[in-house]
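Chemist: Residue numbering for the sequence shown is 1 to 327, as defined by my numbering.
This structure is in structure tokens; I'll ask about it shortly.
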Amino acid sequence: MKKINLSKIIGTLLIAVGLLVFLSPELIQCLQKAQTDVFIKTYDEKYGRDNNGDGSEEASDELESIKEADPLYQEILSYNQSIFVDGQSGFADPWNYQQSPIDISGFEDGIFGYIEIPSMGQTFELYIGSTMDNMSKGVAIMGETSIPVGGPDTNCVIAGHRGYNRNKTFFKDIEDIEIGDMIYITNPWEKLTYRVESIDVVEPYDADAIRIQPGKDMVTLLTCHPYMSHGRYRYLVYCERYEEGTDSAVVNETEQDREYSDYLIASDGAVYPLSRNEIDKENFFRRLCAGLMAVLLIIVIINNILDAYTGRKKRSNKGIKEGDEKL
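And the structure:
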């Protein structure tokens, strides 16, 4: 009976595990995308509306009638107006992830809708309340900021992890977003389009940087900076509502010219290194290691196959020889 070579089996398993470890971000991202695709399909079917609309005046009037008759929509409008009128008085600690803007009982699993960011190539579930639980599953609307249903005097601040939640990517590649890019938010009633107008880096407790700006309809993306810094600074992407065929806000790129691709000049004049090169190096190293592991695994498998074949041949030759001796 052939003896089992445990050392070979263990060695092969360890190489396979190493390969999976180095490939895990890509595998998890593929799984995350598949889950999000299922969610989007289910979400759109649930609300049974074409979130893009046909742009006609009749469709627009019908949508307005639906929103006027929906108690949940009216509650959100009231909430958005109230936090603007009282100056976001509960905004003492804007980075408290346990805050929740409004009662989430009207939304299944606390999910309000989803946000599409084409320049990042990603779509995320959008949760109400930036609790640690919500932010482990998607990106979340911070407390004391607006719910994204559009309208003046609103600023929806959407927070997402970057780097230290290693199992999922979320806003890891937020630096791929540039001024002029579009993002899209789908809520239970319609799809809203926003355009990136500016990008900034601020101190962690600069609450004024993400307050509502009177008269503006905004969405602000927020995450930590630099990558893997555990929150040394905050990276902000300011977006304003964009309507097809209308003039959007004037874009000022003088302080963020393309020649500063490795740096960002903040609104206060400070210069912050970007993390794109660091992320690229990390990705390259991880993929290189995965490639080496894959090659090593292939070599081990081929070697095992050859050993098995050689062993069978030797046993066969031995059997023939023993048979000849008996004759």
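For each residue, glycine too, the CB sits at the ideal point set by N, CA and C.
No experiment lies behind these values; they were computed from the predicted model shown.
#1: Are the segment 153 to 162 and the segment 217 to 225 touching by the rule of at least three beta carbon pairs closer than 8 Å?
#2: Buried or exposed for Met120, please, with buried defined as at least 16 other CB atoms from any protein chain shown within 10 angstroms of its CB.
#3: When we look at the beta-carbon of Ser82 and count the other beta-carbons within 10 Å, is it buried (16 or more) or exposed?
#4: What residue range does the beta strand (DSSP E) around Asp217 cover?
#5: Just mark Thr145 as buried or exposed, buried being the case when its beta carbon has 16 or more other beta carbons within 10 Å.
#6: Taking the C-alpha atoms as reference points, what is the distance between Ile302 and Cys30?
#7: Give me the residue from Asn187, Gln74, Lys172, Glu57 with the minimum Cα distance to Gly110.
#8: Can you tell me the Cα-Cα spacing of Ile185 and Ala294, whole angstroms?
#9: Got a sec, what are the start and stop residues for the alpha helix (DSSP H) Ile66 sits in?
#10: On the criterion of 16 or more Cβ atoms from any shown chain inside 10 Å, does Ile169 qualify as buried, or is it exposed?
#11: Taking just the CA atoms, how far does Leu296 sit from Thr12?
#12: How far does the alpha helix (DSSP H) with Met135 in it reach, from first residue to last?
#13: Using only the alpha-carbon positions, how far apart do Gly269 and Asp200 sit?
#14: Identify which residue in Phe91, Pro152, Leu236 has its Cα closest to the Cα of Arg162.
#15: Since Ser198 sits in a beta bridge, which residues does DSSP pair it with?
#16: Anyone know if the C-beta pair for Arg211 and Phe91 falls short of 9 Å?
#17: The beta strand (DSSP E) that contains Gln122, what's its start and end?
#18: Which residue's Cα is closest to the Cα of Tyr73: Trp189, Gly180, Cys289, Tyr47?
#19: My output table needs one value for Glu45: the three-state DSSP class, helix, strand or coil.
#20: Give a yes or no on whether the C-beta atoms belonging to Ile66 and Glu175 are separated by under 9 Å.
#21: For Val300, name the three-state secondary structure that DSSP assigns.
#22: Of the residues Leu14, Arg195, Asp133, which one's Cα is nearest the Cα of Pro118?
#23: I need the boundaries of the beta strand (DSSP E) containing Tyr272, first residue and last residue.
#24: Give me whichever residues DSSP pairs with Leu264 in a beta bridge.
#25: Let me make sure I understand the geometry here. Which of Gln122, Thr123, Ala140, Leu292 has the alpha-carbon closest to that of Gly129?
#26: Measure the alpha-carbon distance for Asn304 versus Ile10 and round it to whole angstroms.
#27: Assuming Glu116 is part of the beta strand (DSSP E), what are its boundary residues?
#28: Which residues in the same chain have their Cβ closer than 6 Å to the Cβ of Pro226, if we skip the five residues on either side of it in sequence?
#29: Quick one: is Met135 buried, meaning 16 or more other Cβ sit within 10 Å of its Cβ, or exposed?
#30: Are the CB atoms of Pro273 and Gly231 within a distance shorter than 9 Å?
#31: So what does DSSP say about Thr169, is it helix, strand or coil?
#32: To the nearest whole angstrom, what separates the beta carbons of Phe112 and Ile147, a pair I think is in contact under 8 Å?
#33: Determine the direct distance from the alpha carbon of Ile298 to that of Asp307, and round the result to whole angstroms.
#34: Quick one: what does DSSP say Val38 is sitting in, helix, strand or coil?
#35: Please state whether DSSP places Met228 in a helix, a strand or coil.
Modeler: In short:
#1: yes
#2: By 1-based counting over the sequence shown, the position of residue 120 is 120. Buried: at least 16 other Cβ atoms inside 10 Å.
#3: Numbered from 1 along the sequence shown, position 82 holds the residue referred to as residue 82. Answer is exposed; the Cβ neighbour count stays below 16.
#4: Counting from one through the sequence shown, the residue named residue 217 turns up at place 217. Note, Asp217: beta strand (DSSP E), 217 to 225.
#5: For the purposes of this step, residue 145 is identified with residue 145 of the sequence shown, where counting begins at 1. Flag for Thr145 reads buried.
#6: The sequence position of residue 302 within the sequence shown is 302, counting from 1. The sequence position of residue 30 within the sequence shown is 30, counting from 1. Taking the straight line from one Cα to the other gives about 29 Å.
#7: Here the question's residue 110 lines up with position 110 in the sequence shown. The residue with the shortest Cα to Cα distance from Gly110 is Asn187.
#8: Locating residue 185 in the sequence shown gives position 185, counting from the first residue. Locating residue 294 in the sequence shown gives position 294, counting from the first residue. Their Cα atoms are separated by approximately 40 Å.
#9: Taking the first residue of the sequence shown as 1, we reach residue 66 at position 66. Per DSSP, Ile66 belongs to the alpha helix (DSSP H) from 57 to 69.
#10: One-based indexing of the sequence shown puts residue 169 at position 169. It is Thr, not Ile, that sits at residue 169 in the sequence shown. Thr169 is buried by the Cβ-count criterion.
#11: Start at 1 with the first residue of the sequence shown, and residue 12 comes out as number 12. Start at 1 with the first residue of the sequence shown, and residue 296 comes out as number 296. So the alpha carbons of these two residues sit roughly 9 Å apart.
#12: By one-based count along the sequence shown, residue 135 stands at place 135. Per DSSP, Met135 belongs to the alpha helix (DSSP H) from 132 to 135.
#13: Your numbering for residue 269 matches position 269 in the sequence shown. Your numbering for residue 200 matches position 200 in the sequence shown. In a straight line, the C-alpha of Gly269 is about 10 Å away from that of Asp200.
#14: In the sequence shown, counting from the first residue as 1, residue 162 sits at position 162. Answer by Cα proximity: Leu236.
#15: What you label residue 198 is simply residue 198 of the sequence shown in a count that begins at 1. Answer by DSSP bridge pairing, in chain order: Tyr238.
#16: Along the sequence shown, read from residue 1 onward, the residue named residue 211 stands at position 211. Along the sequence shown, read from residue 1 onward, the residue named residue 91 stands at position 91. Their beta carbons are under 9 Å apart, which means Arg211 touches Phe91 by this criterion.
#17: Along the sequence shown, one-based indexing puts residue 122 at 122. Note, Gln122: beta strand (DSSP E), 122 to 128.
#18: Taking the sequence shown and counting its residues from 1, one reaches residue 73 at position 73. Nearest option by C-alpha distance: Trp189.
#19: Taking the sequence shown and counting its residues from 1, one reaches residue 45 at position 45. Helix, per DSSP.
#20: Translated into positions along the sequence shown, residue 66 becomes position 66. Translated into positions along the sequence shown, residue 175 becomes position 175. Their beta carbons are not under 9 Å apart, which means Ile66 does not touch Glu175 by this criterion.
#21: On the sequence shown, residue 300 is found 300 positions in, with the first residue counted as 1. Of the three classes helix, strand and coil, the one that applies to Val300 here is helix, per DSSP.
#22: For this step, residue 118 is matched to residue 118 along the sequence shown. Among Leu14, Arg195, Asp133, the Cα nearest to that of Pro118 is on Arg195.
#23: Reading the sequence shown from its first residue, position 272 is the one you call residue 272. Where Tyr272 is concerned, the enclosing beta strand (DSSP E) stretches over 271 to 273.
#24: Position 264 of the sequence shown, counting from 1, holds the residue named residue 264. The bridge partners DSSP lists for Leu264 are Tyr272.
#25: Here residue 129 refers to the residue found at position 129 of the sequence shown. Per the Cα distances, Ala140.
#26: For the purposes of this step, residue 304 is taken as residue 304 along the sequence shown, with counting starting at 1. For the purposes of this step, residue 10 is taken as residue 10 along the sequence shown, with counting starting at 1. In a straight line, the C-alpha of Asn304 is about 13 Å away from that of Ile10.
#27: The residue you call residue 116 lines up with position 116 of the sequence shown. From DSSP, the beta strand (DSSP E) with Glu116 extends over 111 to 117.
#28: Your numbering for residue 226 matches position 226 in the sequence shown. Once the five neighbours on either side are set aside, the close Cβ partners of Pro226 are Ser275.
#29: Within the sequence shown, residue 135 is the residue found at index 135, counting from 1. That one is buried.
#30: For the purposes of this step, residue 231 is taken as residue 231 along the sequence shown, with counting starting at 1. For the purposes of this step, residue 273 is taken as residue 273 along the sequence shown, with counting starting at 1. Their beta carbons are not under 9 Å apart, which means Gly231 does not touch Pro273 by this criterion.
#31: Translated into the one-based positions of the sequence shown, residue 169 becomes position 169. Three-state result, Thr169: coil.
#32: Position 112 of the sequence shown holds residue 112. Position 147 of the sequence shown holds residue 147. That belief holds up - the Cβ atoms of Phe112 and Ile147 are roughly 7 Å apart, short of 8 Å.
#33: Counted from its first residue, the sequence shown places residue 307 at position 307. Counted from its first residue, the sequence shown places residue 298 at position 298. Computed Cα separation, rounded: 14 Å.
#34: Counted from its first residue, the sequence shown places residue 38 at position 38. Here Val38 sits in helix by DSSP.
#35: Position 228 of the sequence shown, counting from 1, holds the residue named residue 228. Coil at Met228, not helix or strand.
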